[in-house]
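Chemist:
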Amino acid sequence: MQIPVARPVIGQDEISAVTAVLESGMLASGERVAEFERNFADFCGTTHAVAINNGTAALHAALLAADIGQGDEVIVPSFSFFATASAVSMTGAKPIFVDVNEQTFNIDPLQVENQINPNTKAVIGVHLFGQPFDAKGIKQICESHNLILIEDAAQAQGAICNGEKTGAMGHMGCFSFYATKNMTTGEGGMVTTSEKALNERLRLLINHGQSEKYLHTRLGYNYRMTDVAAAIGLVQLKKLEKFNTRRRKNAYYYDTHISVKGLITPGVAQGMHHVYHQYVIRLTDEFPMKRADFMEYLKVKGIGTAVHYPIPIHHQPVYARANEPDSCPVSTRLASSVLSIPVHPLLDQKELAYICDAINRVN
Ligand SMILES: Cc1ncc(COP(=O)(O)O)c(C=O)c1O
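Per the working numbering, the very first residue in the sequence shown carries number 21; after that it's consecutive.
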C-alpha cells in the first residue's frame, strides 16, 4: 500500500473548466476571476474577496493595504509556515514572535497582550492546520489597542469559530490555494474583507497600483490570479464542504482508533469547527520510538508523513538571534515532537484502518 501524506482531489469537472478557459482564448484575469471572488466572499460571509496569485502575496498585499511598513511591528505566532512572518518583513516592518497553545497549536492571546507597544500595528493570527484560533480573545485585544487583525487562513478554508467563518473574523483574511490545501487552484490566494476602503486598496496593490489603464497612483505589484486558476477554484469551492466533511471523518476515525501510549492526538478548543488541513500528532517521551525512526517505520509500510514544521520561525536563520533566551519555548518543543499523518479526502476505510493498525503496533 502507498499512502501519500497529501493529495489534491482533481476530477473531470476541473479539467473541463480549465479546457473551457483555454478554448476561450481569455487566459488572464477576467470573468472567471470575478465570479470566483463573488462566490468566495459569499462563502466566507464577507462583502469583498480579492483573488491573488498565492497566499504569500495575499498576506503581503493585506499588510500593505493596512499601511504597514518600516518602523512598524506585527505580532505573529512562531509556530507556522514561514510566509506568515516573511510577508511582514517584505513590507519593511518587523515580525514579533509569540508562542502558541501546546494543545491547539494556535496563537495564545495572553502572549499577544504582553508584546504590544506603541510600534505595534497589527496581529496576524494563523488558523493552523485547519483549526480557528481564539478569535474572540484576539479580537478583544486588537480592538482595545486599535490594532489591525489579519487572519492567515491559508490552511483553513471553511473552518468556523463560534459560528463565524474564517476570513470574516478580522479586518482581512488571507487564503492560499496551493496544490495540497483543502481546496486548490494549483497556486493561488484570496484576501477577504468587508471594508470598502481595504478592498479598493487591495485591488490597486495587486495590479501595479493602476487606478486607470497606465495610470499608476501608488507602487503596486502584479499579484493577479489567472482565469485558468479561478476556473479550478470555482469548481473546488463547490466541493469544499464535501472535502472538509471527509477530512473531519478521517480525523474522527484517528481520534477514536489511535490508542498507542505516548502519542497525543490533536486537541480541539470549544466552539471550533476544525477542517483538518493536517492531522498533527505529538510524540511524548513515553513513545518508544524517536520521530525520525517512526517516520521511517511508517515509510517502509507505505505511509507518508511530514513534519509541520521542523523549525519554529523565530529560530529560522533569517530571524534567529544568537545567545538569546528562547522566547517561544512551546513552539520549539512542538517543532521537535509533531508529526502529520495522511488525512486528505481520498483516504478510504481500508487505508485508515491500515494506518491505525501500523501506529498501534508500535510498542
Ligand atoms: C499558514 C500559511 N501561511 C501562508 C502560506 C503561504 O501560501 P502560498 O504557499 O500560497 O504562498 C501558507 C502556505 O503553505 C501557509 O500554510
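Where is the CB? At the ideal position from N, CA and C, for every residue including glycine.
Between the Cα of Ser98 and the Cα atoms of Leu83, Ala86, Ile116, Ala176, which residue gives the shortest distance?
Modeler: Checking every option, the nearest Cα to that of Ser98 belongs to Ile116.
Chemist: So for Gln123, helix, strand or coil by DSSP?
Modeler: It is coil, neither helix nor strand.
Chemist: CB-CB under 8 Å to Ser100, same chain, minus the five flanking residues each way: which ones, in chain order?
Modeler: Closer than 8 Å at the Cβ level, and outside the excluded window around Ser100, lie Val146, Leu148, Asp172, Tyr329, Ile333.
Chemist: Output the distance between the C-alpha atoms of Val53 and Ala113, rounded to the nearest integer angstrom.
Modeler: Straight-line Cα distance between these residues: approximately 31 Å.
Chemist: Report buried or exposed for Pro129, applying the criterion of at least 16 other Cβ atoms within 10 angstroms of its Cβ.
Modeler: Under this definition Pro129 is a buried residue.
Chemist: Out of curiosity, what's the CA-to-CA distance linking Ala176 and Glu163?
Modeler: Each residue's Cα considered, the two are about 23 Å apart.
Chemist: For Val255, count neighbouring Cβ atoms within 10 angstroms of its own Cβ and tell me buried if that reaches 16, exposed if not.
Modeler: Buried, since its Cβ has 16 or more Cβ neighbours within 10 Å.
Chemist: When every heavy atom of ligand 1 is checked, does at least one fall within less than 7 Å of the C-beta of Thr66?
Modeler: Outside the cutoff, so no.
Chemist: For Ser196, which beta-bridge partners are listed by DSSP?
Modeler: According to DSSP, Ser196 bridges with Gly209.
Chemist: Would you check if the distance between the CB atom of Leu37 and the CB atom of Ile252 is smaller than 8 Å?
Modeler: The question names Leu, yet the displayed sequence has Ala at residue 37. In contact: Ala37 and Ile252 (Cβ atoms closer than 8 Å).
Chemist: Could you tell me which residues DSSP pairs with Met292 in its beta bridges?
Modeler: Looking at the DSSP assignment, Met292 forms a beta bridge with Cys181.
Chemist: Output needed for Ile278: all residues of its chain with C-beta closer than 8 Å, excluding positions within five of it in sequence on either side, in chain order.
Modeler: Taken in chain order, the residues that qualify are Thr285, Ile301, Cys376, Ile379, Asn380.
Chemist: Is the segment 133–147 in contact with the segment 348–361, if contact means three or more CB pairs nearer than 8 Å?
Modeler: No contact exists between the segment 133–147 and the segment 348–361.
Chemist: Buried or exposed: where does Pro337 fall if 16 or more other Cβ atoms within 10 Å of its Cβ makes it buried?
Modeler: The residue is exposed, with fewer than 16 neighbouring Cβ atoms inside 10 Å.
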